[in-house]
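Visitor: Take a look at this one; I'll ask things after.
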Amino acid sequence: MRGQAHTLEATVAGLLMLSSLIFALQMTAVTPLSASTSSQHIENQQGETGQGVLASAAEVGALKPAVLYWNNSSSRYHNAGVQRFYTSGPPDNRFGAMLERAFNGNGIAYNVYFRFQNADGRPITRQYVYSGVPTDNAVTATHTVTLWDDDPLYNADGTPSSTRLNTENMTYPMPDTGDNLYNTVRVEVVAWRI
C-alpha cells in the first residue's frame, strides 16, 4: 500500500513538472530581438549592404575600373602588397571608398574576390581585398562585370591608361577567353560581423 502511494505521488509530481514546463514554454515569445532572429536580421542587413555597394558601384561606373585597377609593370593591383591584393584596407579607388563607407565604421569585416574562368573554362578565384577568415555567419553578395579586349587598365589615380587588355606582354591575372569578349568576372563581397 505504501509503495503504491509513493508511485502515485511520483507520477503526480512528474505530471505537475511536465505541465509547468509546457506552460512556461508557451509563455516565451520569439521577438525580433531574440538571439537567433536578431542574428538573422544582422546577416540579412549585411547581405543587402554588400549587394547595394556592388549595385551602386556598377551604376556610377566604379566597379569595372576597380576590376581593371592593375599595374601592368609591377604585376599587381596599384599599391597592393607583395601578395598582389589588398590586406590593410580597401584599394584607393572609388569602389574602395564605397566599401569603406559601407563596412569599416560598422564593425563589419569583408573580403572581395574576383571569380572568372581561365582559357580552358576552369573556374579561378583571385583575392582582391582580404580582411581575414570569414565566420560561419558570413554573407555573400555578387555582381557580374564583362570585360572586353579593348578595355583599358586604370592608373593609380583612377584614370584610364593607354594599356588595353589586348596589349602584348599583358600581366593582368585574368586570361582572354574569347574573340572580342575578354572575360566575365563575378565580383563577390563576403561580409561578417567582427
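The numbering used here puts the first residue of the sequence shown at 17, with every later residue one more than the last. We treat Cβ as the ideally placed atom computed from N, Cα and C, and that holds for glycine.
1. Could you check if glycine 272 is buried or exposed, using at least 16 other CB atoms within 10 Å of its CB as the buried criterion?
2. Helix, strand or coil for phenylalanine 119? Go by DSSP, reduced to three states.
3. With a Cβ-Cβ cutoff of 8 Å, do valine 201 and phenylalanine 101 count as a contact?
4. Given a cut-off of 8 Å on the beta-carbon distance, is the pair glutamate 64 and valine 128 in contact?
5. Can you tell me whether proline 168 is helix, strand or coil according to DSSP?
6. Which of helix, strand or coil does DSSP assign to tryptophan 86?
7. Starting from proline 176, trace the beta strand (DSSP E) in both directions and tell me its first and last residue.
8. With distances taken Cα to Cα, identify the nearest neighbour of alanine 207 among Gly30, Pro107, Pro150 and Arg117.
9. Do the CB positions of valine 145 and tyrosine 126 come within less than 8 Å of each other?
10. Should leucine 169 and leucine 84 be called a contact, given that it needs their Cβ atoms to be closer than 8 Å?
11. From the DSSP output, in three-state form, read off phenylalanine 111 for me.
12. Going along the chain, which residues of its own chain have a beta-carbon closer than 8 Å to the beta-carbon of tyrosine 93, five neighbours each way excluded?
13. What's the C-alpha gap between histidine 78 and serine 177?
14. Of the choices Ala172, Arg180 and Ile210, whose alpha-carbon is the least far from that of alanine 96?
Guide: On the basis of the coordinates in this document:
1. Residue numbering for the chain in the displayed model covers 17 to 210; residue 272 lies beyond these limits and cannot be assessed.
2. helix
3. no
4. no
5. strand
6. strand
7. 176-180
8. Pro150
9. yes
10. yes
11. helix
12. Tyr85, Trp86, Asn87, Arg100, Phe101, Tyr102, Pro107 and Tyr144
13. Reading off the sequence, residue 78 comes out as alanine, not histidine. Answer to the nearest angstrom: the Cα atoms are 15 Å apart.
14. Ala172
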